[in-house]
Structure formats: structure tokens, C-alpha cells
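In the working numbering, the protein residues as written are 1198 to 1410.
Read through the structure below, which is laid out as C-alpha cells, and then see the notes.
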């Protein structure tokens, strides 16, 4: 929150989303997004990177009106679907942003502004020469630690055993995080990819980590 003596031009807007629309259009690729100001009520903000069709995020937002939720997705068609369905369900605590996930977390999320980060079934990039493109890596851990408030959570899911081992490795090496159990209520809300994988007998690998402090 801005200091009382800050000039009006420096203060974050009280509301920066057109009423009735759930999509926020980024106007700067260098200025942090005022995540708390995207919603009509000031309450904890959770972020999903790679929201897909929004099935998880909308269900989770509906269950928790006392929290605000942002879904980041590159594909405009998916975001428009989230916008339409979210409006029909009356989810004032939901917003969608079109941008690349790693860039958003690294450059545009203000420090200590999030209570949780969700990353579910990101592209595993299974070929060894492509693994540097994976979202969850050492830089992701540093960015998550900066973006989360003390006690904030990172929740991860994947179908890839190799990627899951790497996720656990980079978080276990980070002094800022400690392993934590995934809440049963959260584990019960599945994504679109997860339902498809589980129907084909592919299990979900999940882990949660809590920011120390």
C-alpha cells in the first residue's frame, strides 16, 4: 500500500478492471501488476500459472470467495472461455491475464503479494536438450520466494516422474521453503488434464511447499 504522502499519480488504482469483465490487459511489460487492485475486495491473492481452460481455478474460486484468484495463460481462446464461464458463475474474485507464465512471475508480480502459487501439469519438456525450458527450476523457486508472503504456499502437480523429481530437488535445495502437506480439499479439485490422465490410469504426482518466515 502506498504511503499517505505519496502523490496521487503514484498510488495504485482502486479498481483497474472494467466491471463485468474478468480479463486484465497488461499495459506495461516492466511495471509490476497491482494484483490487489484487480478485485473489488482486498483479500489474499492466489495465482495459477498455466490455467488452461480454467476448470480448476473456477472451482477453487467458487469454493473460496474469501480469497482472490489470478489465472495466467498464453492462449487467448482459453482466457475468453474463463471470462465467459466465470461471469456466468458470478466469480468476482477471479481474473485472467494473457502472458507467458515465467515472465509474469519473474518481472510483474510485486514482492510478498501472493498467498499461494499453483502450477499444475506444466509442459514436462521430456527431451534432455529441452529441459532448460521447464517452468519449475531454480529461478522459479527464487521468484516464488520473492512473490509470496511469509507462510505462502507453492502447490505443484505433474504426471511426469522425471519432472516431479526435479521439482522436489530444486525446492529441497532452497532455504526459503519447507515441505508441507497438500490440503485434502485442494487435492480433490482436479484440472482438465488431471481428469484425462487419471482416466487413462496415469497417477497425479503432487507436492506442496511453504515459504518460511
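Glycine is no exception: its CB is placed at the ideal position from the N, C-alpha and C atoms.
Since the structure is predicted, the reported quantities are computational estimates derived from the model, not experimental observations.
Tell me whether residue i sits in a helix, a strand or coil according to DSSP, three-state version.
i, result
"residue 1201", "With a pLDDT of 31 at residue 1201, under the threshold of 50, the predicted position of this residue should be treated as unreliable, though the coordinate-derived value follows. It is coil, neither helix nor strand."
"residue 1211", "Below a pLDDT of 50, predicted positions are generally treated as unreliable, and residue 1211, at 41, falls in that range; the measurement from the model is reported next regardless. Residue state, collapsed to three classes: coil."
"residue 1314", "strand"
"residue 1247", "coil"
"residue 1218", "coil"
Thinking C-alpha only, which one of the options is nearest residue i?
i, options, result
"residue 1356", "1410, 1386, 1394", "1394"
"residue 1339", "1320, 1309, 1321, 1328", "1309"
"residue 1228", "1407, 1307, 1256", "1307"
"residue 1312", "1282, 1263, 1367, 1362", "1263"
"residue 1325", "1226, 1314, 1387, 1360", "1360"
"residue 1368", "1277, 1351, 1295", "1351"
"residue 1300", "1230, 1406, 1385", "1230"
"residue 1334", "1348, 1272, 1298, 1292", "1298"
"residue 1248", "1296, 1385, 1328", "1296"
"residue 1366", "1277, 1406, 1318, 1389", "1406"
"residue 1236", "1386, 1373, 1258, 1390", "1258"
Between the C-alpha atoms of residue i and residue j, what's the straight-line distance to the nearest angstrom?
i, j, result
"residue 1209", "residue 1242", "In this prediction, residue 1209 has a pLDDT of 39, which is less than 50 and means its spatial position is unreliable; what the coordinates show is noted afterwards. Their backbone Cα atoms lie some 16 Å apart in a straight line."
"residue 1240", "residue 1250", "24 Å"
"residue 1305", "residue 1220", "16 Å"
"residue 1321", "residue 1289", "32 Å"
"residue 1245", "residue 1281", "18 Å"
Going by DSSP, which residues form a beta bridge with residue i?
i, result
"residue 1408", "1374"
"residue 1232", "Paired residue(s): none; residue 1232 is not in a bridge."
Of all Cβ atoms in chain D, is any one closer than 8 Å to the Cβ of residue i?
i, result
"residue 1222", "Absent from the structure is chain D; it holds one protein chain and no more."
Looking at the secondary structure, which residues open and close the alpha helix (DSSP H) in which residue i lies?
i, result
"residue 1358", "1358 to 1369"
"residue 1394", "1389 to 1396"
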